[in-house]
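Peer 1:
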Amino acid sequence: MRIWWIGSVVLAAVLGGIPSYAQSQEDVPRTVESRPDFTGIYTAPATVNGTGPRGNLIFNAPNMAPVKPGAESLLYVPRTGNTRVDEPRAMCLPAGFPSGMLYILPIQFIQNPNYLVIIPELQHAARIIPTDGRPHREGIEPSYYGDSVGQWEGDTLVIETINFKRWILDDYHYTDPTKSRWHSDALKTTERLHRVGNTLEYRITIDDPKIFERPWSQDFELTLRPDWEQLGLIEYTCEAYNRCAGGDCSEDGPP
Amino acid sequence: MPHKRFFLFLLGLGLVLGGRVAWAHHSALAEFDPSQPVKVTGTLESVVWANPHVWFFVDVTEADGTVTSWGFSTSPPGSLMRRGITKEVMRLGAVVNVEGARARDGSNNSSTRSLTFEDGTAVLAPPEEGQEGQ
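Protein chains in written order, with my numbering: chain A, 4 to 258; chain B, -6 to 127.
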């Protein structure tokens, strides 16, 4: 009897370290369809192993693939002095994706069997992503946020987005005010979302064949904040009082 | 060349201050000039609790008795509320000390680096990088 007892303890100790990954999978709340449930309000994405100033909020150069010969001018646009070009969001123009995802404000996820809705507090621009296996829409004009569809690969939701209009890529200009960083209209992004406990692991792959030699990825983490549920997201009406936009603080200044 | 040096100085300053402008929906360097620090003491006259940034206005009595109104830009309402700063915290009529960087157009508008009430209560201190709303 005693040997059995000791054996059980040893077995439990040996196995204890093994199933930690599986256990973390089981810990994740699930929908009635047994999908991981991403519902909730999260912190802004934080770069995993980010480097440099504002490394949490922009794409880091070491992650990027080489730029194709002659495509440097597509990626970097020299500052023009016109804020609508240099920094469109400052004039309340759309943040777009992925730029609107990489910002310091919280992001809310709402999930049902057919859709994942991602709502950044910034501009409240909801991304409504079908997850029921339908293909991309056809005949839609290229847009700031592109056209997204999602599909499950096990417990990972994979979101593919295409049909972008050319737009600003991220907040690179915060670190180098001489230029801004843009993507082309050939951009295709692939996001991989995987929940572990209260952490949402988030990898975005940038495939922009007009600019880069090959696709490249950057990893982020979002942290679930149940304590933000009661307050919820706060309205973000950029046009309400965009005083000093573009550096013009006069009474009749923009917008 | 002096122009280039000045730019490099601004760039360096921007890198140093990177964390301090993290709350803006724009790069604050485009609108406010870190080389023109603002430091005033006055009466909190009004608050515009609006997006994309909350603004508050402070009446400052100059040495000659004239009163100058200064406008200060700070975080959006949501960011402030998640830090426990509601509109009610901004008590109108209170004497406040405010520091920031002046608007590039030379007007009496400024970013907000800190807002401290007369009793020493610091209401607005810039969040560190990545700590918005914590």
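Beta carbons are placed, not taken as given, at the ideal position from N, Cα and C, and that holds for glycine.
Using 10 angstroms around the beta-carbon of GLU90(A), count the other beta-carbons present and answer buried if the total reaches 16, otherwise exposed.
Peer 2: buried
Peer 1: Kindly list the residues whose CB is nearer than 8 Å to the CB of ALA115(B), restricted to its own chain and excluding five residues on each side of it in sequence; keep chain order.
Peer 2: SER107, LEU108, THR109
Peer 1: Considering just the uninterrupted stretch of the beta strand (DSSP E) at SER39(B), what are its terminal residues?
Peer 2: 25 to 41
Peer 1: Between the Cα of SER28(B) and those of GLU111(B), GLU92(B), ASP112(B), GLY113(B), spot the shortest distance and give me the residue it belongs to.
Peer 2: Comparing alpha carbon positions, the residue from GLU111(B), GLU92(B), ASP112(B), GLY113(B) closest to SER28(B) is GLU92(B).
Peer 1: If you measure from the beta carbon of GLY113(B) to each beta carbon in chain A, is any gap under 9 Å?
Peer 2: no
Peer 1: For the beta strand (DSSP E) containing PRO81(A), list its first residue and its last residue.
Peer 2: 79 to 81
Peer 1: Leaving out five residues on either side along the sequence, give the residues of the same chain with a beta carbon under 6 Å from the beta carbon of HIS186(A).
Peer 2: So the qualifying residues of the chain are LEU172, ASP211.
Peer 1: When you compare only the Cα positions, how much space is there between GLU124(A) and GLU238(A)?
Peer 2: 7 Å
Peer 1: Along the chain, where does the alpha helix (DSSP H) that runs through SER72(B) open and close?
Peer 2: 70 to 75
Peer 1: Taking the C-alpha atoms as reference points, what is the distance between ARG130(A) and TYR148(A)?
Peer 2: 8 Å
Peer 1: Rounded to whole angstroms, how far is the Cβ of LYS182(A) from the Cβ of ARG82(A), which I believe are closer than 8 Å?
Peer 2: 6 Å
Peer 1: Quick one: which unbroken beta strand (DSSP E) runs of 3-plus residues sit fully inside the segment 48 to 107 of chain B? Chain order, please.
Peer 2: 48 to 54, 60 to 66, 88 to 96, 102 to 104
Peer 1: Since ALA23(B) meets chain A, which of its residues come closer than 8 Å, beta carbon to beta carbon?
Peer 2: Within 8 Å Cβ-Cβ: THR86, ASP89, GLU90, ALA93, PRO180, GLY249, GLY250.
Peer 1: Using DSSP's beta-bridge definition, name the partner residues of ALA49(A).
Peer 2: GLU224(A)
Peer 1: Checking contacts by CB at 9 Å: is TYR118(A) closer than that to chain B?
Peer 2: no
Peer 1: The alpha helix (DSSP H) that contains ASP174(A), what's its start and end?
Peer 2: First-last for ASP174(A): undefined, no H or E at that position.
Peer 1: Kindly list, in the order they appear in chain A, the residues whose Cβ is closer than 8 Å to that of TRP48(B).
Peer 2: TYR244, ARG246
Peer 1: To which residues does DSSP link ASN73(A) through a beta bridge?
Peer 2: One point to set straight first is that residue 73(A) is Gly, not Asn, in the sequence displayed. BP columns for GLY73(A) are empty, so no partner.
Peer 1: Determine, for SER253(A), whether the minimum Cβ-Cβ distance to residues of chain B falls below 9 Å.
Peer 2: yes
Peer 1: Alpha carbon to alpha carbon, how far is GLU242(A) from VAL161(A)?
Peer 2: 34 Å
Peer 1: What's the gap between the Cα of THR105(B) and the Cα of GLU75(A)?
Peer 2: 36 Å
Peer 1: Out of HIS46(B), ARG76(B), ASN44(B), TRP63(B), which one is the CA nearest neighbour of VAL53(B)?
Peer 2: TRP63(B)
Peer 1: Classify THR86(A) as helix, strand or coil using the three-state DSSP reduction.
Peer 2: helix
Peer 1: Can you check which of these residues, SER103(B), GLY71(B), LYS32(B), THR36(B), is closest to VAL60(B) by C-alpha distance?
Peer 2: THR36(B)
Peer 1: Does the segment 64 to 73 of chain A come within contact of the segment 230 to 237 of chain A, defined as at least 3 CB pairs closer than 8 Å?
Peer 2: no
Peer 1: Going by DSSP, which residues form a beta bridge with HIS46(B)?
Peer 2: In the DSSP output, where bridge partners are listed per residue, HIS46(B) has none listed.
Peer 1: I want to know whether the segment 197 to 208 of chain A touches the segment 39 to 48 of chain A - three or more CB-CB distances under 8 Å.
Peer 2: yes
Peer 1: Show which residues of chain A have a CB atom less than 7 Å away from the CB atom of GLY93(B).
Peer 2: By Cβ distance, chain A contributes nothing, its closest Cβ being about 12 Å from GLY93(B), past 7 Å.
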